[in-house]
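One structure below.
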Amino acid sequence: MNDREHPTSADFDSLLPASRIDRRTFVTTLSAAGFALAVRPALAQSVISTPADGLEHGSTTIPSGADALPAYFACPAGKDKLPTVLVVQEIFGVHEHIRDVCRRLAHEGYLAIAPELFYRQGDPANIEQISEILSTIVAKVPDAQVMADLDACAAWAAAHGGDPARLAITGFCWGGRITWLYAAHNPRLRAGVAWYGRLGGEAGALTPLHPVDVAGDLQAPVLGLYGGQDQGIPLADVERMRAALEQAGKPSEIVVYPDAPHAFHADYRPSYRAAEATDGWRRLLDWLRRHGA
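Under the UniProt record's numbering, the first residue of the sequence shown carries the number 1, and numbering increases by one thereafter.
In C-alpha cells, the structure reads:
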C-alpha cells in the first residue's frame with residue numbers, strides 16, 4: 001500500500017490486525033476515527049514549534065472518577081480566571097503536535113488542557129501500525145467515558161485558574177467528532193471548533209450516536225472545519241450535517257476548504273496545508289472570542 005491517507009475498500013483486508021477482528025467491525029472503527037493510514041506519521045517533521053516563553057505548562061493528572069487522568073496543560077504564567085479550551089487528540093494520543101496546539105492557545109490567553117483520553121485502553125505512542133491502534137485502543141473507548149473525562153478536565157480547570165463561565169473545546173479528527181458530541185453533552189460549554197471530525201456512521205455499543213444524530217441537541221455553537229478532498233468524510237455527510245443544523249435552528253457553521261485533504265492542520269504529516277491551516281486557526285480564535293470563550 002502506498003502512503004496515501006485513505007485506503008480503498010480493497011486495502012481493508014491488508015490492514016486487519018493479527019487478531020483478525022471481523023471486517024465490518026474494523027471498517028466501523030475506521031469510520032469512527034475518521035481516517036486511516038498504514039503506518040503512523042513521523043512527528044519529527046513538524047513545521048511549527050511554539051516556544052513556552054511566558055507560559056506555565058507541563059504534565060499533570062486530573063481526578064476522573066476513581067482514576068487519575070494524565071493530561072498536558074499550558075497557560076499564561078501568573079494569570080487567573082482564564083478562558084479554558086479542552087483540546088481533544090487525534091488517534092495518536094497527546095503527542096507533540098497536540099501539546100504545541102495547547103501552547104499556541106496559551107499564548108492567546110487561554111488555559112488549554114489536552115487529556116490522555118485513551119490511557120485506560122493503552123498508549124498509541126508505543127504502537128506503529130494504525131490498524132492495531134484502531135482495533136486494540138480506539139475501538140474500546142466508550143463515548144460516555146470520554147464525556148466524563150472531559151467534564152473532569154473542565155472541573156479541574158475551574159479549580160486551577162480557569163474561568164468556568166468561559167469554557168470551549170476543540171479537537172482534531174477523532175477529537176473533531178468528540179467536539180460535536182461534547183457540545184451536545186455539556187450545557188456550560190460556550191463554543192466548539194471541530195477539525196475534520198467524522199459526522200455520521202454506524203452506531204455501536206460504545207459509540208451509540210454521531211454528530212449528525214445530536215445536531216438538534218447542541219448546547220453551544222460549533223464551527224466545523226473540513227476538507228473538500230477528505231476521502232474519509234464524504235461531502236454528502238457534511239451537507240447532511242448542515243441540513244440538520246439548519247433544521248434544528250442551531251447557530252453552528254461548517255467551512256469546507258475545497259482543495260484540502262483530511263488532517264490539513266497536522267503540520268507533521270504530508271496532508272498539511274499551510275494556507276488552510278492558517279485560515280482555520282484564525283477562524284478558531286475568532287469563533288471562540290465571538291462566543292464568549
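Just so you know, even glycine gets a beta-carbon here, dropped at the ideal spot from N, CA and C.
Quantities reported herein were computed from a predicted structural model and do not represent experimental measurements.
Beta-bridge partners of residue i, as assigned by DSSP
i: residue 119; result: Looking at the DSSP assignment, residue 119 forms no beta bridge with any residue, so it has no partner.
i: residue 256; result: 226
i: residue 75; result: 56
i: residue 67; result: 64
i: residue 195; result: 172 and 225
i: residue 232; result: Beta-bridge pairing links residue 232 to no other residue.
i: residue 249; result: Bridge partners of residue 249: none, in fact.
i: residue 162; result: 82
CA-to-CA distance, residue j to residue i, given in whole angstroms
i: residue 103; j: residue 180; result: 23 Å
i: residue 187; j: residue 220; result: 7 Å
i: residue 261; j: residue 184; result: 27 Å
i: residue 257; j: residue 62; result: 36 Å
i: residue 211; j: residue 218; result: 9 Å
i: residue 79; j: residue 189; result: 21 Å
i: residue 204; j: residue 146; result: 15 Å
i: residue 64; j: residue 86; result: 15 Å
i: residue 81; j: residue 114; result: 18 Å
i: residue 170; j: residue 254; result: 14 Å
i: residue 286; j: residue 90; result: 23 Å
i: residue 172; j: residue 143; result: 16 Å
i: residue 198; j: residue 128; result: 23 Å
i: residue 98; j: residue 151; result: 19 Å
Residue burial classification, residue i (beta-carbon count within 10 angstroms, cutoff 16)
i: residue 280; result: buried
i: residue 130; result: buried
i: residue 124; result: buried
i: residue 267; result: buried
i: residue 227; result: buried
i: residue 250; result: buried
i: residue 247; result: exposed
In the region 84 to 131, which residue ranges form an unbroken alpha helix (DSSP H) of at least 4 residues, counting only runs that do not cross its ends?
-> Within the region 84 to 131, the complete alpha helix (DSSP H) runs of at least 4 residues are 96 to 107.
Does the count of Cβ pairs from the region 234 to 241 and the region 258 to 276 closer than 8 Å reach three?
-> The way I'd put it, the region 234 to 241 doesn't touch the region 258 to 276; fewer than three beta-carbon pairs between them come closer than 8 Å.
Do three or more CB pairs link the region 128 to 144 to the region 46 to 55 at distances below 8 Å?
-> Using a C-beta cut-off of 8 Å, the region 128 to 144 makes no contact with the region 46 to 55, since fewer than three inter-stretch Cβ pairs fall below that distance.
How do the region 146 to 159 and the region 64 to 73 stand: do at least 3 beta-carbon pairs fall below 8 Å, yes or no?
-> Taking a cut-off of 8 Å for Cβ pairs, the region 146 to 159 and the region 64 to 73 touch, as three or more such pairs fall below it.
Quick check: the region 245 to 263 against the region 161 to 170, are there 3 or more CB pairs under 8 Å?
-> Counting Cβ pairs under 8 Å, fewer than three are found: no touch.
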